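Novice: Position one of the sequence shown corresponds to residue 1 (UniProt numbering), numbered consecutively onward.
Here a beta-carbon is modelled for each residue, glycine too, at the ideal position from N, C-alpha and C.
If you're wondering where the values come from, they're calculated on a predicted model, not measured in any experiment.
Mind looking over this structure? Questions follow.
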Amino acid sequence: MKTRFNTFDITCSITELQKLIGMRVNQVYDIDNKAYLIRFQLYEEKHVLLLESGNRIHTTGFEWPKNVAPSGFTMKLRKHLKNKRLEKLEQIGVDRVIDLQFGTGEAAYHIILELYDRGNIILTDCNRIILNVLRPHTEGDKIRFAVREKYPESRAHTKLIPSLEELRDIFKAAKSGETLKKVLNPHLEIGPSVLEHILVTSGLATNCKVGNDFDVTRDVEKFYESLLTTEKIFNDARSNVSKGYIVQKKQSKYTEDGKEEYLYVNVEFHPFLFEQFKDRPFKEFETFDKAVDDYFSNMEGQKLDVKALQQEREALKKLENVKKDHEKRLSSLSVTQEIDVMKAELITKNQELVDKAIIVIQSAIASQVSWDEIGILLKEAQSRGDPVASIIKQLKLESNHITLLLSDPYEEEDSEIKPTLIDINLNLSAFGNATKYYTQKRSAASKSQKTIEAQGKALKSAERKTKQALKEVQTIHSINKVRKVYWFEKFYWFISSENYLVIGGRDQQQNELIVKRYLRGGDIYVHADISGASSIVIKNPAGGPVPPKTLAEAGNMAVAYSVAWEAKVVTGAWWVNSDQVSKTAPTGEYLTTGSFIIRGKKNYLPPCQLIMGFGFLFRLEDSSIERHLNERRVRTLDDDDVDVDNITEICNEIKIEDDDDEDIQEEDEEAEHFQKQETQLNDKTDDDEFSFPDTRIKIDLSGPVVKLQVEKSKSTAKVEFASEDVVFLGDDTPIKINNEHKKDALRNSMPQVHFKQDQAEEDSQKKNQNALKRGQRGKLKKMKEKYKDQDEEDKVLAMAVLKSDGASKNKNKNKDPSGPKQVKKKKQKYNPNELSVQSEPSISQPLENIDEEDPGPGPEVDMLDQFTGKPVPEDELLFAVPVVAPYSTLTNYKFKVKLQPGNGKRGKAAKTALAMFMKDKSTLPREKDLIKAVKDESIARNIPGKVKISAPQIQKISKKT
Numbered sequence: 001m002k003t004r005f006n007t008f009d010i011t012c013s014i015t016e017l018q019k020l021i022g023m024r025v026n027q028v029y030d031i032d033n034k035a036y037l038i039r040f041q042l043y044e045e046k047h048v049l050l051l052e053s054g055n056r057i058h059t060t061g062f063e064w065p066k067n068v069a070p071s072g073f074t075m076k077l078r079k080h081l082k083n084k085r086l087e088k089l090e091q092i093g094v095d096r097v098i099d100l101q102f103g104t105g106e107a108a109y110h111i112i113l114e115l116y117d118r119g120n121i122i123l124t125d126c127n128r129i130i131l132n133v134l135r136p137h138t139e140g141d142k143i144r145f146a147v148r149e150k151y152p153e154s155r156a157h158t159k160l161i162p163s164l165e166e167l168r169d170i171f172k173a174a175k176s177g178e179t180l181k182k183v184l185n186p187h188l189e190i191g192p193s194v195l196e197h198i199l200v201t202s203g204l205a206t207n208c209k210v211g212n213d214f215d216v217t218r219d220v221e222k223f224y225e226s227l228l229t230t231e232k233i234f235n236d237a238r239s240n241v242s243k244g245y246i247v248q249k250k251q252s253k254y255t256e257d258g259k260e261e262y263l264y265v266n267v268e269f270h271p272f273l274f275e276q277f278k279d280r281p282f283k284e285f286e287t288f289d290k291a292v293d294d295y296f297s298n299m300e301g302q303k304l305d306v307k308a309l310q311q312e313r314e315a316l317k318k319l320e321n322v323k324k325d326h327e328k329r330l331s332s333l334s335v336t337q338e339i340d341v342m343k344a345e346l347i348t349k350n351q352e353l354v355d356k357a358i359i360v361i362q363s364a365i366a367s368q369v370s371w372d373e374i375g376i377l378l379k380e381a382q383s384r385g386d387p388v389a390s391i392i393k394q395l396k397l398e399s400n401h402i403t404l405l406l407s408d409p410y411e412e413e414d415s416e417i418k419p420t421l422i423d424i425n426l427n428l429s430a431f432g433n434a435t436k437y438y439t440q441k442r443s444a445a446s447k448s449q450k451t452i453e454a455q456g457k458a459l460k461s462a463e464r465k466t467k468q469a470l471k472e473v474q475t476i477h478s479i480n481k482v483r484k485v486y487w488f489e490k491f492y493w494f495i496s497s498e499n500y501l502v503i504g505g506r507d508q509q510q511n512e513l514i515v516k517r518y519l520r521g522g523d524i525y526v527h528a529d530i531s532g533a534s535s536i537v538i539k540n541p542a543g544g545p546v547p548p549k550t551l552a553e554a555g556n557m558a559v560a561y562s563v564a565w566e567a568k569v570v571t572g573a574w575w576v577n578s579d580q581v582s583k584t585a586p587t588g589e590y591l592t593t594g595s596f597i598i599r600g601k602k603n604y605l606p607p608c609q610l611i612m613g614f615g616f617l618f619r620l621e622d623s624s625i626e627r628h629l630n631e632r633r634v635r636t637l638d639d640d641d642v643d644v645d646n647i648t649e650i651c652n653e654i655k656i657e658d659d660d661d662e663d664i665q666e667e668d669e670e671a672e673h674f675q676k677q678e679t680q681l682n683d684k685t686d687d688d689e690f691s692f693p694d695t696r697i698k699i700d701l702s703g704p705v706v707k708l709q710v711e712k713s714k715s716t717a718k719v720e721f722a723s724e725d726v727v728f729l730g731d732d733t734p735i736k737i738n739n740e741h742k743k744d745a746l747r748n749s750m751p752q753v754h755f756k757q758d759q760a761e762e763d764s765q766k767k768n769q770n771a772l773k774r775g776q777r778g779k780l781k782k783m784k785e786k787y788k789d790q791d792e793e794d795k796v797l798a799m800a801v802l803k804s805d806g807a808s809k810n811k812n813k814n815k816d817p818s819g820p821k822q823v824k825k826k827k828q829k830y831n832p833n834e835l836s837v838q839s840e841p842s843i844s845q846p847l848e849n850i851d852e853e854d855p856g857p858g859p860e861v862d863m864l865d866q867f868t869g870k871p872v873p874e875d876e877l878l879f880a881v882p883v884v885a886p887y888s889t890l891t892n893y894k895f896k897v898k899l900q901p902g903n904g905k906r907g908k909a910a911k912t913a914l915a916m917f918m919k920d921k922s923t924l925p926r927e928k929d930l931i932k933a934v935k936d937e938s939i940a941r942n943i944p945g946k947v948k949i950s951a952p953q954i955q956k957i958s959k960k961t
């Protein structure tokens, strides 16, 4: 497979790349340590030039993966080339060296690309003094490629082909029997493909040899005339843009139905269809540049195709080996039966002679003659011509056997039956030995019959396994070709339970990159309350407030990817807005890579447990995305998974009753007044409020279900019906209720309120306590016991985190604590489709950090909707992506396990989890194929340190793995 340019390729490429002259360098990137991308732009026209040291240069229209952090060589190129105009692009002599000049005069810089040997990329100034070099080295004793050395242009070759006299000298120095290509390649600068083309057009074979097919004295001049035509080929390439051709190789493959198909594999790329390739399959392109770009961009896909083909051939080879093994076994059993029958017949025909031989040896043994003496006596008898001794060829007394050479006494001399060596058991007579061989024959016949009977089943099983293997190869191959690597996969990442993308840095360089490149307005920066942890960013393209559940999950991630995991120490985390994170220190001190200055107040999150989860997300086909829309969202009361009956029951528990007739009468009046007010509010929204004393409703939004808690002896809670769809319960927390049945149930459960203007607080508490129903007093006692250690500061912080960002009634201007500048808080209109929570500005965020701009929805939202953690059989799935996230995020995932700090290795934990997913009876075949196709190196890379894995039946599976 061709991987690098030759001289003719370079000539054609330079002609086409003249279109870049006059364009400015927009940016420089590096793909790896040898390949670099230069992005050019002129007005609306854009091109990306790919340079690979030692191999190629061409423009590309494909998206190549760029390094996360640019290398030092890339930064040097950016420093000197950015915004410079490309003034010249030419070949140095006829060498495989290209010179790109950026800028003019003393401000000019050169990139010298070497496409021979190991290759090199060199950056020089206008005087060709080397400023940076990709591969410093020394050629010979004098030429050094290093910084501050001058690049040696004079060493470039200038002659394309040698003269006639030089050509004669080359052939004279060649050894007889060497091929012409091997002799001429070191002395010609035209490349092997052009040389082979010249050989074919001149009537010579491509493998012709000096002295045999090629006469040095007779054919040199004729060959030299053909060689001169290369100058015309090169001149045409310099003046005209060449077409592109990809030469292919056809390989056969078989489908599941047994039909033969052909796979075309790219082998070489050329700017000209040479004579030697006209009979081979090829693809034609408008330009050579497009052909090269397509060739290299599809090279990985071609490798996958070839790998799949090899796996298919291996599977078919295994099936063929099974068939051959069965045939060999049957043949062996058949031969064994024939030999055993023949031996038994020979023993029977020589029965008297065999019995005598047995008796002779048994008598010698019975006379206590040593084995060595028996051998001597036997040889003496054989020398005398004894007929019994002459048939004994070997004594195997250690196994109580002797070997006799028996022949058929009734056959003629020219018979095909030859004398045969047969082992005779001394414990048996001749008849007994014959019977033994007949028994062995029957046993072999029985085995042969069983083998024939089992052969059909074995072949069917092997064929079934082969078809399954072929299907898996094709499935995994197709998945790998479809698989798209997303930009966030190079970081720690997960998708929160409310559909926010959360990313974190693996090291200091990635921490720096995340903040500099990916932290945008509206995003949230999260960090563990411990040094050296990962920088976490919650991507928030919509710009609204981030719900507290997502904040808690991001804080859990920040703690997990810190030293707290290995130390098994529970700690907390904090978050700030994107504009509070800065790389500029006010004192001018130097900040190391991955370190930042946080301005303003930090919003601390509660301590989180060290519990993470490992699972799989599946990429949905576009037609299946709609089925999973709003799968991850902020939960409200109108969701099916929110139990309104629980809220109704809680509200019933806080009803205040009194047996006094006057109080009951007041209750009825207040209830009637309450219903009138509700009717008015349903027609037109009013701001009237109703209060019931000594009771406060506290809303817990930390879980997927909204919970209400009752606190006694607190400030008066407020019940306000702002509209038909929204109810505010204490602390201005909005709860959306769209279903009429649910609204009626909640309204009817609201407490009936007594108003006593002059009653003391202690009497009110005592009276309300006496009016409690059975069971309510015990529940209040449990609540007091649960929150007895909570002080006022804890309550304020908890309420600040959980407080809603609904319709705020605070319309006053807030002053900036850092100066006289005043900023108005933007009045936010409540969206009935969202239940959002934001901390109060006085506690959680300085007023100067309130973002007045709405950046609008970003592309991340649409991208995240393509993934699901709970696929259904009707879904069409493209590929699987492993994900490590806080375990609460994976609650609804189909495939998940719990991870906690432990002593197990990450790789083994991942394999155990995969084994559990594969053995799950609910796992569909397509899901198994997608999980199998995930590369091993990407499965465990996000697991934080040493872990303990927890899941049902995990102990049985972990022992097997």
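1) Who are the Cβ neighbours of GLU114 in its own chain at under 6 Å, not counting the five residues just before and after it?
2) Rounded to whole angstroms, what's the CA-CA distance from ALA69 to TYR887? Just pull it up for me.
3) Starting from the C-beta of ASP32, find all residues in its chain whose C-beta is less than 8 Å away, skip the five residues before and the five after it, and write them out in chain order.
4) Give me the residue from GLN509, VAL265, HIS197, SER582 with the minimum Cα distance to PHE272.
5) My understanding is that LYS870 touches ASN903, with C-beta atoms under 8 Å, so please give their C-beta distance in whole angstroms.
6) On the three-state DSSP scale, how would you describe GLN680?
7) Measure the Cβ-Cβ separation of ALA558 and ILE538 and say whether it is below 8 Å.
8) Does DSSP put PHE5 in a helix, a strand or coil?
9) Determine the contact status of CYS608 and GLY532, defining contact as a CB-CB distance below 8 Å.
10) When burial is assigned at 16 or more other CB atoms within 10 Å of the CB, is ASN630 buried or exposed?
11) Rounded to whole angstroms, how far is the Cβ of MET612 from the Cβ of ALA237, which I believe are closer than 8 Å?
12) My guess is that ASP219 and THR59 are in contact by the Cβ rule of under 8 Å, so how many angstroms apart are they, rounded?
13) Does the separation of the CB atoms of PRO419 and LEU428 fall below 8 Å?
14) For ILE503, I'd like the list of residues in its chain whose CB is within less than 8 Å of its CB, leaving aside the five on either flank, ordered along the chain.
15) Let me check one thing: in DSSP terms, what residues is GLY904 bridge-paired to?
16) For LEU89, I'd like the list of residues in its chain whose CB is within less than 8 Å of its CB, leaving aside the five on either flank, ordered along the chain.
17) Could you spell out the range, first to last residue, of the alpha helix (DSSP H) harbouring GLU553?
18) By DSSP, does GLU63 sit in helix, in strand, or in coil?
19) Could you compute how far the alpha carbon of PRO901 sits from the alpha carbon of LYS568?
20) Between the alpha carbons of SER950 and GLN866, how many angstroms are there, rounded?
21) Which residues in the same chain have their Cβ closer than 6 Å to the Cβ of residue 962, if we skip the five residues on either side of it in sequence?
22) Spatial neighbours of GLY177 within its chain, please: CB distance less than 8 Å, with the 5 preceding and 5 following residues excluded, ordered by chain position.
23) Rounded to the nearest angstrom, how far is the Cβ of ALA434 from that of ILE347, given a contact under 8 Å?
24) Taking only the alpha-carbon atoms, compute the straight-line gap between GLY572 and ALA35 and give it to the nearest angstrom.
25) Using three-state DSSP, classify MET23 as helix, strand or coil.
26) Between the C-alpha atoms of VAL546 and VAL247, what's the straight-line distance to the nearest angstrom?
27) Starting from the C-beta of PHE234, find all residues in its chain whose C-beta is less than 8 Å away, skip the five residues before and the five after it, and write them out in chain order.
28) How many Å lie between ASP875 and GLN510 at the Cα?
29) How many angstroms separate the CA atom of VAL341 from the CA atom of TYR437?
30) Given a threshold of 16 other Cβ atoms within 10 Å of its Cβ, counted over all protein chains shown, does LYS896 qualify as buried or as exposed?
31) Kindly identify the DSSP beta-bridge partner or partners of SER252.
32) If we count the other Cβ atoms within 10 Å of its Cβ and call it buried at 16 or more, is LYS948 buried or exposed?
33) Where do the N-terminal and C-terminal ends of the beta strand (DSSP E) with ARG144 fall, by residue?
34) In whole angstroms, give me the CA-to-CA distance for SER334 and GLN440.
35) Considering only the beta carbon of each residue, do TYR151 and ARG135 sit closer than 8 Å?
36) In chain order, what residues of the same chain lie with their CB nearer than 6 Å to the CB of ILE524, ignoring the 5 residues before and after it?
Specialist: Taking the coordinates as given:
1) VAL97, ASN120
2) 31 Å
3) Only residues of its own chain outside the window of five on either side were considered, and among them ASN67 have a CB closer than 8 Å to the CB of ASP32, listed in chain order.
4) HIS197
5) At roughly 31 Å, the Cβ-Cβ gap does not stay under 8 Å, so LYS870 and ASN903 are not in contact.
6) Confidence in GLN680 is poor, its pLDDT being 48 and thus under 50, which makes the residue's placement too unreliable to answer from.
7) no
8) coil
9) no
10) With fewer than 16 Cβ atoms within 10 Å of its Cβ, ASN630 is classed as exposed.
11) With 8 Å as the limit, MET612 and ALA237 do not qualify as a contact, their Cβ atoms being about 59 Å apart.
12) Between THR59 and ASP219 the Cβ distance is about 43 Å, and since that is not below 8 Å, they are no contact.
13) no
14) Once the five neighbours on either side are set aside, the close Cβ partners of ILE503 are PHE488, PHE491, TYR492, TRP493, ILE514, TYR518, ILE536, VAL537, LYS539.
15) VAL947
16) ILE14, LEU17, GLN18, LEU20, ILE21, ILE98, ASP99, LEU100, GLN101
17) 548 to 560
18) coil
19) 6 Å
20) 28 Å
21) This structure leaves residue 962 out entirely; the chain is present only between 1 and 961.
22) Scanning its chain for C-beta atoms nearer than 8 Å, with the 5 sequence neighbours on each side dropped, one finds around GLY177 the residues LYS209, VAL210, GLY211, ASN212, in chain order.
23) ILE347 and ALA434 do touch by the CB rule: their CB atoms are close to 4 Å apart, below 8 Å.
24) 43 Å
25) coil
26) 55 Å
27) PHE8, THR11, LEU160, ILE190
28) 35 Å
29) 7 Å
30) Of the other Cβ atoms in all chains shown, 16 or more fall within 10 Å of the Cβ of LYS896; this residue is therefore buried.
31) DSSP lists TYR262 as partners of SER252.
32) exposed
33) 143 to 145
34) 12 Å
35) no
36) For ILE524, where only same-chain residues beyond five positions count, the Cβ hits under 6 Å are ILE538, VAL546, TRP575.
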